Amino acid sequence: MTEPSVFTRIIRGEIPADVVAETDRVLAVTDINPQAAVHVVVFPKTGEYRDVSELAAAEPDLLAELVSVAKAVAAEKAGGEYRLIFNTGAGAGQTVFHVHAHVLAGNLEEKSLVG
Ligand code: AMP
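Using our numbering, read the sequence shown as starting at 207 and increasing by one per residue.
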């Protein structure tokens, strides 16, 4: 058994988080280490997919729901213009291997693309 991810622990209520949006299958929380004025991470409630490629291959409808939640968060918090990033692989900056999207908006000019 692998350890539950930090996002699974948030879903279980074991770690507090600032929930900004939720559906039956997806949760969005404020990133604990924000890289922009708006920085929200959006992830499925299932922890079975490590990255966006695995999720896209197995459950494209769940990926679409995740993107829809990201859009709604950005509409509410950033006027609908935002950067959506899926770090994929440790070499690309991924540290949590429970697929998630970063929604970034506001003061992005000087920011790198890695969360
Ligand atoms: P990544 O590096 O793409 O895997 O992104 C993981 C993100 O999760 C980072 O931006 C972290 O700041 C964020 N993160 C880690 N722990 C928490 C937490 N307890 N609550 C909210 N965000 C977190």
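Every residue gets a Cβ at the ideal spot worked out from N, C-alpha and C, and that includes glycine.
All values derive from a computational prediction rather than experimental measurement.
Around the beta-carbon of residue 293, 16 or more other beta-carbon atoms lie within 10 Å, marking it buried. Taking the Cα positions, residue 249 is about 12 Å away from residue 290.
Closer than 7 Å to some heavy atom of the ligand AMP: that does not describe the Cβ of residue 305. When distances are taken from the beta-carbon of residue 313 to the heavy atoms of the ligand AMP, even the shortest one reaches 7 Å or more. Following the DSSP letters along the chain, one finds residue 287 in no beta strand (DSSP E), marked with neither H nor E. Just so you know, the alpha carbons of residue 247 and residue 217 end up roughly 13 Å apart. Cα atoms of residue 272 and residue 254: separation of roughly 15 Å, rounded to the nearest angstrom.
Considering only 309, 238, 302, the residue with the shortest C-alpha distance to residue 208 is 302. Residue 311 and residue 276 have their C-alpha atoms spaced approximately 11 Å apart.
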